Amino acid sequence: LRLPEDPMSRITLSRFLIEEQRKGGSLPPQLRLLIETVGRACKAISYSVNKGALAGVLGEAGTGNIQGEAQKKLDVIANDYLLDANEWGGSLAAMASEEMELPYHIPGEYPKGDYLLLFDPLDGSSNIDVNISVGTIFSVLRCPEGTEHASEESFLQPGTRQVAAGYTVYGPQTMLVLTWGAGVHGFTLDRETGSFVLTHRDMRVPERTGEFAINMSNWRHWEPPVKRYVEEMLAGSTGPRGRDFNMRWVASMVAEVHRIITRGGIFMYPRDAREPEKKGKLRLMYEGNPMAFIIEQAGGMATNGRERIMAIQPEALHERVAVFLGSKEEVEIVTRYHQDA
Ligand code: P6P
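Counted from 1, the sequence shown has number 289 at position 276 by full-length UniProt numbering; the numbering is strictly sequential.
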């Protein structure tokens, strides 16, 4: 996208959303306001993440979360920013977070709305103290008709019911990438004006790729179809694929997905024989589903190895899922290997 020289004539997130809403498509006012408010919270998170040690926000918070993980100070700060920014706006019936066991209900003094917001406030937070990109992931569902008091069950909807999803990657640039079912659009934070500026309209995942992302140290715990697929990647031009592949692993899903939506690739986090009762490491509701929505809207594919991630009927708020997402050609192959096994 060629940007106008004059910063004030560039399209900001607010302007883009208002113009989309005016088209009368899939962006009603309450949802538009919700997306803008999440964007505002991500700006605050970006400023805290970028200060790091200067603001004394690195290191452990000394608390644990429902996942049994030690929380980083910035995990808690990011979670609080998202709750504080979104509780008063009138768009939400409740919120759910990776960092909180139970849903967060809108305090009585504020009006409730039609939507449910789910988020992983700071994904990849193990990378914070070593200054590697991290991100925020969010997903929006409609609150089921006639719900008086949103419960965990209100959230348990398949990913196909999402009305919007997005992530903000806190990297060399802070970028907000969004979909509401009408393609995927990327906005770069302009720190001078404090606005997210439209820089990547209609992002598309290249169908073909030469790059895969997986944590190879887990090799011995993978199921046979995953080993077969990765072995062929490693064999490259000497094997059945007939061409060489490159590997990346940032250990920050938002950074991997952003790379893939920008230049192609396949991201894999298979289920692991060490924890057969778990369906994978990543969380379905606020990692798998939002990223799957974004990737599919950009022309890519996202499965758990056997079925479309967004078709899965969730049974629990913090349910795990295996993830294979990215360039369609590759996700089709690894999914076929699972189905053939
Ligand atoms: P591993 C971060 O903790 C995360 O949830 C994802 O962002 C990332 O892709 C994955 O886990 C990294 O897992 O096992 O390589 O540390």
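A virtual CB, placed ideally from N, CA and C, is assigned to each residue, including glycine. Remember, predicted model here, so these are calculated numbers, not experimental data.
Backbone CA spacing between residue i and residue j [nearest angstrom]
| i | j | result |
| --- | --- | --- |
| HIS213 | GLY339 | 18 Å |
| SER164 | GLU245 | 45 Å |
| VAL197 | ILE145 | 25 Å |
| ILE24 | PRO17 | 9 Å |
| LEU14 | LEU211 | 8 Å |
| PHE132 | ALA57 | 15 Å |
| LYS36 | ARG28 | 13 Å |
| VAL143 | ALA264 | 12 Å |
| TYR299 | ARG333 | 10 Å |
| PRO20 | GLY126 | 34 Å |
| PRO351 | ARG204 | Residue identity check: residue 351 is His in the sequence provided, not Pro. Whole-angstrom Cα-Cα distance: 46 Å. |
| ARG258 | TYR242 | Rather than Arg, the amino acid found at residue 258 in this sequence is Phe. The alpha-carbon atoms of PHE258 and TYR242 are separated by roughly 12 Å. |
| ARG261 | THR173 | 29 Å |
| LYS292 | GLY137 | 19 Å |
| GLU32 | ALA109 | 29 Å |
| ARG256 | PRO185 | 31 Å |
| SER22 | LEU191 | 21 Å |
| ARG349 | GLY102 | 45 Å |
| GLU161 | VAL347 | 43 Å |
| ALA248 | ASN228 | 17 Å |
| ASN231 | ILE79 | 24 Å |
| HIS234 | LEU297 | 21 Å |
Residue range of the unbroken beta strand (DSSP E) whose run includes residue i
| i | result |
| --- | --- |
| LYS85 | 83 to 85 |
| ILE227 | Here ILE227 belongs to no beta strand (DSSP E), and DSSP marks it neither H nor E. |
| residue 362 | The structure shown does not extend to residue 362, since the chain is modelled only from 14 through 354, so no value can be given for it. |
| ALA315 | 314 to 316 |
| VAL190 | 187 to 192 |
| HIS351 | Run containing HIS351: none in the beta strand (DSSP E); it sits in the alpha helix (DSSP H), 341 to 353. |
| GLU73 | 73 to 77 |
| PRO238 | That residue, PRO238, is in no beta strand (DSSP E); its alpha helix (DSSP H) goes 237 to 248. |
| PHE200 | 197 to 203 |
| PRO134 | 128 to 136 |
| ALA178 | 177 to 183 |
| TYR282 | 279 to 282 |
Residue interval of the alpha helix (DSSP H) (run including residue i)
| i | result |
| --- | --- |
| ARG155 | Where ARG155 is concerned, there is no enclosing alpha helix (DSSP H), although the beta strand (DSSP E) it sits in stretches over 147 to 155. |
| VAL62 | 42 to 64 |
| ILE274 | 266 to 276 |
| GLU111 | Where GLU111 is concerned, there is no enclosing alpha helix (DSSP H), given that its DSSP letter is neither H nor E. |
| PHE306 | 302 to 310 |
| ILE31 | 26 to 35 |
| PHE168 | 165 to 168 |
Within 9 Å, strictly: CB atoms of residue i and residue j
| i | j | result |
| --- | --- | --- |
| ARG287 | ALA305 | no |
| PRO283 | GLU342 | no |
| THR149 | VAL267 | yes |
| LYS85 | GLU100 | no |
| GLU112 | VAL89 | yes |
| GLY301 | VAL239 | no |
| GLU114 | HIS331 | yes |
| PHE168 | PRO327 | yes |
| GLY277 | GLY223 | yes |
| PRO324 | PRO124 | Residue identity differs from the one stated: residue 324 is Ala in this sequence, not Pro. For ALA324 and PRO124, no; Cβs fall outside 9 Å. |
| LEU295 | ALA335 | yes |
| ALA195 | GLN310 | yes |
| ALA226 | MET281 | yes |
| PRO303 | PHE151 | yes |
Residues of its chain near residue i, where Cβ-Cβ distance is below 6 Å and the 5 sequence neighbours each way are ignored
| i | result |
| --- | --- |
| HIS118 | ALA107 |
| PHE209 | LEU26, GLY52, LEU189, PHE200 and LEU202 |
| THR187 | SER59 and LEU202 |
| ALA54 | TYR94, LEU95 and ALA98 |
Own chain, CB closer than 8 Å to residue i, minus 5 neighbours either side, in chain order
| i | result |
| --- | --- |
| LEU44 | SER104, TYR128, VAL153, VAL176, ALA177 and TRP193 |
| VAL344 | ILE279, GLY313, MET314, ALA315, THR316, PHE337 and LEU338 |
| LEU30 | LEU40, ARG45, ILE48 and GLU49 |
| GLY252 | GLU244 and GLU245 |
| ILE308 | VAL218, VAL270, ILE273, ILE274, MET314, ALA315, LEU338 and GLY339 |
| ILE141 | VAL62, GLY65, LEU71, LYS85, LEU87, LEU135 and VAL147 |
| SER250 | ARG256 and ASP257 |
| ASP215 | GLY196, VAL197 and HIS198 |
7 Å Cβ shell around residue i - same chain, five flanking residues per side excluded
| i | result |
| --- | --- |
| ALA68 | SER61 |
| VAL70 | SER61, LYS64, LYS86, LEU87 and ILE90 |
| CYS156 | ALA106, ASP127, TYR128, LEU129, ALA163 and SER167 |
| VAL182 | SER146, GLY148, MET188, VAL267, ALA268 and HIS271 |
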